[in-house]
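Enquirer: FYI, the numbering for the sequence shown is 1 to 138, going by the working numbering. Glycine included, every Cβ here is placed at the ideal spot set by N, Cα and C. This structure is a prediction, so every number in the text was calculated from the model and none was measured. Pasting in a structure now, in structure tokens, and then I'll have a few things to ask.
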Amino acid sequence: MIGIVLTGHGSFPTGMLESVQLIAGEIKQVEVIPFEEDVTILEQVVFKAIDNVETGSGVVCFTDLAGGTPFNVCSRIASDKDNIRVVAGTNLPMLLSGFFHRELSLDAFIDKILKDGKENIKEFKKIQQQTEEDVAGI
């Protein structure tokens with residue numbers, strides 16, 4: 001099963017996991033790392049979290065912003081390892097999909113969560129009601 005590290009600025013990762021658990025129940029093999037200020041501490045905590053959730057299938061680090069400190073720290077760590085991936089722009093549909101597809105290979109997992117995350121970004125569009133005049137062509 002793919003291990004998951006969820007990190008981001010402030011309470012973002014904690015809130016995301018709380019939302020997932022509200023929908024899907026308790027989640028195993030996941031570490032949550034809120035980033036507050038200290039990059040050195042974040043790097044140490046991410047290393048430890050990856051070790052805690054790695055069981056041989058790889059680890060995916062979900063982050064909030066591409067180019068943000070949590071993303072950069074995770075990317076530096078992943079750059080030396082083949083079994084760690086980093087994803088930015090985490091949204092709830094993407095994360096839910098990930099928790100339900102952790103048996104996939106690492107590459108298939110990444111493809112699946114990115115697709116599901118993108119497909120669930122939508123805008124509400126109000127449908128204009130047709131009047132009798134519109135239907136009659138008046």
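Any beta carbon of chain D sitting closer than 7 Å to that of residue 128?
Expert: Note that chain D does not occur in the displayed structure, where there is just one protein chain.
Enquirer: Is the separation between the beta-carbon of residue 2 and that of residue 57 shorter than 7 Å?
Expert: Yes, the pair counts as a contact, with Cβ atoms nearer than the cut-off.
Enquirer: Cβ atoms of residue 98 and residue 64: under 7 Å apart, would you say?
Expert: Residue 98 is positioned such that its CB atom lies no closer than 7 Å to that of residue 64.
Enquirer: Could you tell me the boundaries of the beta strand (DSSP E) in which residue 3 lies?
Expert: Segment 3-9, the beta strand (DSSP E) holding residue 3.
Enquirer: Kindly indicate which residue of 77, 117, 103 has the alpha-carbon position closest to the one of residue 44.
Expert: 77
Enquirer: Tell me the residue span of the beta strand (DSSP E) that contains residue 31.
Expert: 30-35
Enquirer: Using DSSP with H/G/I as helix, E/B as strand and the rest coil, what is residue 102?
Expert: coil
Enquirer: Determine the burial state of residue 124: buried for a count of at least 16 other Cβ atoms within 10 Å of its Cβ, exposed for fewer.
Expert: exposed
Enquirer: For residue 41, which three-state DSSP category applies?
Expert: helix
Enquirer: Measure from the alpha carbon of residue 59 to the alpha carbon of each residue in 116, 110, 127, 118, then state which is nearest.
Expert: 110
Enquirer: Whose CA, out of 122, 119, 68, lies closest to the CA of residue 87?
Expert: For residue 87, the nearest C-alpha among the options comes from 68.
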